[in-house]
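Each residue of the sequence shown is one higher than the one before, counting from 0 in numbering that gives the first Met the number 0.
Only one structure is covered here, and it is reproduced in the block below.
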Amino acid sequence: MKFSHDFLFGAASAAYQVEGAWDTDGKGMSNWDEFSKIPGKTFEGTNGDVAIDHYHRYKEDIALMAEMGLESYRFSIAWTRILPNGTGEVNPKGIAFYNDLIDECLKHGIVPFVTLYHWDLPLPLEKAGGWLNKATVDAFINYAKICFDAFGDRVKHFITFNETVVFTALGYLDGAHPPGIQDDPKKYFQATHNVFYAHAKTISAYKELNQFGEIGISHVFSPAFAVDDSEDNKLAEYHANQFNTHWFYDPILLGHYPEHVVCQLTEQGLLPDWTEEELETIKQAAPLNDFIGLNYYQPHRVKKITADVEKIESTRENSTGSPGKPSFDGFYQSVKMDDKRYTKWDWEISPEGFVDGLNMLKAHYGNVKMYITENGLGDEDVIVEGVPCDIPRINFINDHLVAVRSAIKDGVNIKGYFAWSAIDLLSWLNGFKKQYGFIYVDHSNNLARSKKASFHWYKDVIDSRGENLIER
Ligand code: BGP
0 MKFSHDFLFG AASAAYQVEG AWDTDGKGMS NWDEFSKIPG KTFEGTNGDV
50 AIDHYHRYKE DIALMAEMGL ESYRFSIAWT RILPNGTGEV NPKGIAFYND
100 LIDECLKHGI VPFVTLYHWD LPLPLEKAGG WLNKATVDAF INYAKICFDA
150 FGDRVKHFIT FNETVVFTAL GYLDGAHPPG IQDDPKKYFQ ATHNVFYAHA
200 KTISAYKELN QFGEIGISHV FSPAFAVDDS EDNKLAEYHA NQFNTHWFYD
250 PILLGHYPEH VVCQLTEQGL LPDWTEEELE TIKQAAPLND FIGLNYYQPH
300 RVKKITADVE KIESTRENST GSPGKPSFDG FYQSVKMDDK RYTKWDWEIS
350 PEGFVDGLNM LKAHYGNVKM YITENGLGDE DVIVEGVPCD IPRINFINDH
400 LVAVRSAIKD GVNIKGYFAW SAIDLLSWLN GFKKQYGFIY VDHSNNLARS
450 KKASFHWYKD VIDSRGENLI ER
């Protein structure tokens with residue numbers, strides 16, 4: 000089966016991870032500009048001050064993407080370039096940069112797929128309470144409207160937020176991302192609710208503009224599967240999916256929160272402070288979502304915790320997605336299994352889990368339109384005679400595209416696939432050592448770009464609309 004011609008083959012990036020130029024042309028400081036410089040917070044103290052200098056080299060990068068045949072480029076806008084303080088005066092040079100980037104994509108026939116928020120919050124808003132402060136919601140809506148006005152004539156695909164679970168859980172529960180909070184789980188649930196409310200208000204505002212584009216949100220998708228069929232572990236699976244999937248997808252797609260989680264949070268005194276107006280806004284906005292974006296890297300294998308477990312102190316090392324940590328409420332634990340395959344960073348490789356998870360979503364949410372907005376393999380690429388030979392990445396993406404194709408056959412409504420990432424970039428907590436791109440960036444040679452084996456392979460995938468994929 001070939002992928003249809005309205006299926007977009009793309010690749011993604013995020014502003015902080017590629018742009019660099021952290022204080023150039025009037026850009027303000029973000030939470031990450033500060034947090035990444037606190038000793039011990041990132042791998043070997045790496046930060047995005049220069050990143051891969053996409054800010055200055057975007058023309059070269061887009062030309063390479065075009066050569067690869069890329070149909071769409073997903074990138075994010077740095078809020079701090081548009082509004083250096085988060086609110087107030089607009090920075091014309093920030094608008095100009097994204098106008099140029101968008102125009103460059105269009106010049107090459109690449110569809111710009113734009114994320115408004117990929118975690119880099121303007122520092123003054125962070126200092127005023129970040130996503131715990133409802134003023135951040137208003138500030139976000141204002142910023143989003145400025146972007147719609149400035150870019151909406153050419154950008155027809157907007158994502159409001161990237162992976163709410165990651166920036167709120169790591170930021171307000173585990174302390175591994177800014178603002179580094181880990182004193183009260185209620186803050187985590189409050190932050191998630193404020194983000195859902197901001198999303199609801201933003202998509203309503205977008206629809207009022209009649210820009211004839213589409214808008215949605217991107218969530219991480221890590222379906223939980225019990226390690227065996229025991230009643231306890233099946234309960235752990237249910238609980239994990241309720242908290243990590245449905246808490247995030249239900250308010251967006253169904254317009255209300257899952258009852259199981261609401262009951263648990265009420266019992267534990269962790270329910271966010273919300274108003275009737277906020278809940279009603281979330282409900283009214285649900286049918287306005289045009290799509291949901293899924294970022295899939297791995298599933299979770301879970302088992303119920305039956306004895307008392309000692310609470311593990313969160314660190315950078317145990318907050319980067321590998322299994323082992325108990326859930327915040329001590330109910331279940333994710334585990335590494337002997338019969339599964341893992342990446343060098345202990346992320347499970349499971350295209351089967353992807354198909355099963357997608358079918359689970361279809362059963363719960365019906366025919367909703369989906370884009371896979373991230374999927375890829377983090378690896379340390381091997382260089383053979385000067386060429387980055389990333390065969391494991393080719394195998395990984397091959398198998399996950401086959402999974403997407405099989406889910407489409409099952410009736411899941413998937414309209415595009417964005418590999419993470421278009422080009423090697425900065426991993427938030429793992430520096431430059433963990434590579435994901437089709438394009439290699441040589442940090443020992445002035446950030447020179449070169450094509451990996453996967454670059455040529457992905458071009459063939461796009462050219463043949465997936466006919467060259469291997470089913471194993
Ligand atoms: C997602 C983020 C991306 C990217 C990716 C890989 O959660 O949206 O920005 O970083 O994960 O993560 P890592 O770099 O930790 O391997």
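All C-beta atoms in this analysis are idealised placements derived from N, C-alpha and C, irrespective of residue type, glycine included.
- Cβ contact annotation for Lys451 (same chain, cutoff 8 Å, sequence separation greater than five): Asp380, Val386, Pro387, Cys388, Asp389, Arg392, Gly436, Phe437, Ile438 and Tyr439, in chain order.
- Shortest Cα-Cα distance from Arg153 to any of Ile109, Thr163 and Glu316 involves Ile109.
- Around the beta carbon of Leu82, 16 or more other beta carbons sit within 10 angstroms, so the residue counts as buried.
- Sequence-distant Cβ neighbours of Lys155 in its own chain, meaning closer than 6 Å and more than five residues away, are Gly212.
- The closest CA to that of Trp346, considering only His363, Gly329 and Gly375, is found on Gly375.
- Assignment of Phe8 by DSSP, reduced to helix, strand and coil, places it in the strand class.
- Secondary structure in the segment 201-262: the beta strand (DSSP E) runs of 3 residues or longer, each lying completely within the stretch, are 213-219 and 223-225 in chain order.
- If you keep only unbroken beta strand (DSSP E) runs of at least 3 residues inside the segment 331-386, you get 331-333 and 369-373.
- The shortest CA-to-CA distance from Asp307 to any of Tyr187, Ser321, Ser318 and Asp328 is the one to Asp328.
- Judged by beta-carbon spacing, Pro222 lies beyond the 8 Å limit of Gly39, meaning their Cβ atoms are not closer than that value.
- Membership of Pro123 in the alpha helix (DSSP H) is indicated by the continuous run Leu122 to Lys126.
- For Lys106, no beta strand (DSSP E) encloses it; the enclosing alpha helix (DSSP H) starts and ends at Pro91 to Lys106.
- Distance from the CA of Asn84 to the CA of Ile407, rounded to the nearest whole angstrom, comes to 43 Å.
- Remark: the shortest separation between the CB of Lys40 and any heavy atom of ligand 1 does not fall under 7 Å.
- With a cutoff of 8 Å on beta-carbon distance, Ile216 and Thr280 are scored as not near each other.
- Excluding sequence positions up to five before and after Gly151, its CB lies within less than 6 Å of the CB of Gln210, all in the same chain and listed in chain order.
- At least one heavy atom of ligand 1 lies closer than 7 Å to the C-beta of Asn294.
- Segment contact: the segment 7-27 against the segment 96-113, three or more CB-CB distances shorter than 8 Å; contact assigned.
- For ligand 1, the residues with a Cβ under 7 Å from any of its heavy atoms are, in chain order, Ala13, Gln16, His117, Asn161, Glu162, Val165, Val219, Asn294, Tyr296, Thr319, Gly320, Trp344, Glu373, Gly377, Trp419, Ser426, Trp427, Leu428, Asn429, Lys433 and Tyr435.
- The beta carbon of His55 sits closer than 7 Å to those of Ala20, all from its chain and outside the five residues before and after it, given in chain order.
- DSSP places Ala77 in the coil class of the three-state scheme, outside both helix and strand.
- Contact between Ala11 and Thr372 is confirmed by a C-beta separation of about 6 Å, below the 8 Å threshold.
- For the pair Glu236 and Phe224, the CB atoms are nearer than the 8 Å cut-off.
- His299 has Ala223 as its beta-bridge partners, per DSSP.
- In the structure shown, the three-state DSSP call for Asp441 is strand.
- Non-local C-beta neighbours of Gly323 in its own chain, meaning closer than 6 Å and more than five positions away in sequence, are absent.
- DSSP, reduced to helix, strand and coil, places Pro322 outside both helices and strands of the structure shown, so it counts as coil.
- Per DSSP, reduced to three states, the secondary structure at Gln181 is coil, with no helix or strand assignment.
- Two segments are said to touch when three or more pairs of C-beta atoms, one from each, lie closer than 8 Å; by this definition the segment 201-209 does not touch the segment 291-302.
- Of the candidates Lys368, Ser313, Gly268 and Leu400, Ser313 places its Cα closest to the Cα of Gly170.
- The alpha-carbon of Val367 is positioned some 10 Å away from that of Lys414.
- The Cβ atoms of Tyr196 and Glu277 lie closer than 8 Å to each other.
- Secondary structure at His156: strand, using DSSP grouped into helix, strand and coil.
- For the set Ala175, Asn141 and Val194, the Cα lying nearest the Cα of Asn161 is the one of Val194.
- With respect to the 8 Å criterion, Pro178 and Leu269 are not classified as neighbours on the basis of their beta carbons.
- By the Cβ neighbour-count rule, Asp32 is buried, with 16 or more other Cβ atoms within 10 Å of its own.
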